[in-house]
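To get our numbering, take the position in the sequence shown, counting from 1, and add 21. Here's the structure, in structure tokens; my notes come after.
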Amino acid sequence: MRIKRLKLSGFKSFVEPAELRIESGLTGVVGPNGCGKSNLLEAIRWVMGESSAKSLRGGGMDDVIFAGTATRPPRDFAEVILFAEDAEREELEVVRRIERGAGSAYRLNGRDVRAKDVSLIFADAATGAHSPALVSQGRIAAVIAAKPAERRMMLEEAAGISGLHVRRKDAEQKLRATETNLARLEDLMAGLD
Ligand code: ATP
22 MRIKRLKLSG FKSFVEPAEL RIESGLTGVV GPNGCGKSNL LEAIRWVMGE
72 SSAKSLRGGG MDDVIFAGTA TRPPRDFAEV ILFAEDAERE ELEVVRRIER
122 GAGSAYRLNG RDVRAKDVSL IFADAATGAH SPALVSQGRI AAVIAAKPAE
172 RRMMLEEAAG ISGLHVRRKD AEQKLRATET NLARLEDLMA GLD
């Protein structure tokens, strides 16, 4: 998958709508301290379905919404749109929008979808909110210091199989629900005899 474009509005320090083109190859973000470099990387992870506010340096998810400054009022919502191309060269447009106090909503190519659908798309494409391709500050030191189990998770992300774990959990839950239903059915049938 290749990320081609990113649009932000009201996300952290990006209060004004901003649009960035991301060219092929390695992309580095440079700029003075506090200009929003990390916020940009966090916007990419956020639109890919990041569910941990802490890993976005916030106390709650609403903290991604522009909080206002001495001269500007806060915003009520934040929106990030990611334009990408998948392995089959199909265009993907993923939108995540959060309204203060009302949580997040996602759209994929114009259709409302769940957070999980978005996460799975990126996990299957060996990218996503926890992708080792997004190298934020302190990440290299974290890789060096990681425990074997954490390194394994990174390798699974890179190999594009982390989505399989989510599906396995779903399938196990469905199996358990079906087993419960079957047991009930057997009880009911025994009662009919
Ligand atoms: P450094 O090089 O020092 O790591 P950076 O370029 O990575 O800096 P960021 O950490 O991305 O900068 O941006 C920090 C700025 O974003 C701070 O000025 C902070 O006040 C601002 N910021 C973060 N969240 C919000 C928010 N919700 N509303 C308004 N501004 C925010």
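Don't be surprised by glycine CBs; every beta carbon is placed ideally from N, CA and C.
Problem set entry | Environment of the ligand ATP in chain order, Cβ to heavy atom below 5 Å | Chain-ordered list of matching residues: Lys33, Ser34, Asn54, Gly55, Cys56, Gly57, Lys58, Ser59, Asn60, Phe87, Ala88.
Problem set entry | Pairwise C-alpha distance: phenylalanine 104 and leucine 129 | 10 Å
For this session: Report the three-state DSSP secondary structure of aspartate 133 (helix, strand or coil).
Result: strand
Problem set entry | Beta carbon proximity, alanine 126 to chain D, threshold 8 Å | Given the protein chain composition of this structure (a single chain), no chain D is represented.
For this session: Using beta-carbon positions only, say whether isoleucine 142 and isoleucine 119 come within less than 8 Å of one another.
Result: For isoleucine 142 and isoleucine 119, no; Cβs fall outside 8 Å.
Exercise. Hey, would you say serine 59 sits closer than 8 Å to glutamine 158, going by beta carbons?
Worked result: yes
Problem set entry | Rounded straight-line distance, which links the Cα of arginine 66 to that of isoleucine 74 | Correcting the residue type first, residue 74 is alanine in the shown sequence and not isoleucine. Each residue's CA atom was taken as its position, placing alanine 74 and arginine 66 some 11 Å apart.
Exercise. Can alanine 136 and glycine 184 be called in contact, C-beta distance under 8 Å?
Worked result: Their beta carbons are not under 8 Å apart, which means alanine 136 does not touch glycine 184 by this criterion.
Exercise. Roughly how many angstroms lie between the CA atoms of arginine 197 and leucine 41, to the nearest whole one?
Worked result: Answer to the nearest angstrom: the Cα atoms are 46 Å apart.
Problem set entry | Neighbourhood of arginine 96 by C-beta distance below 7 Å, restricted to the same chain and skipping five residues each side | Gly31, Val36, Ile86, Phe87
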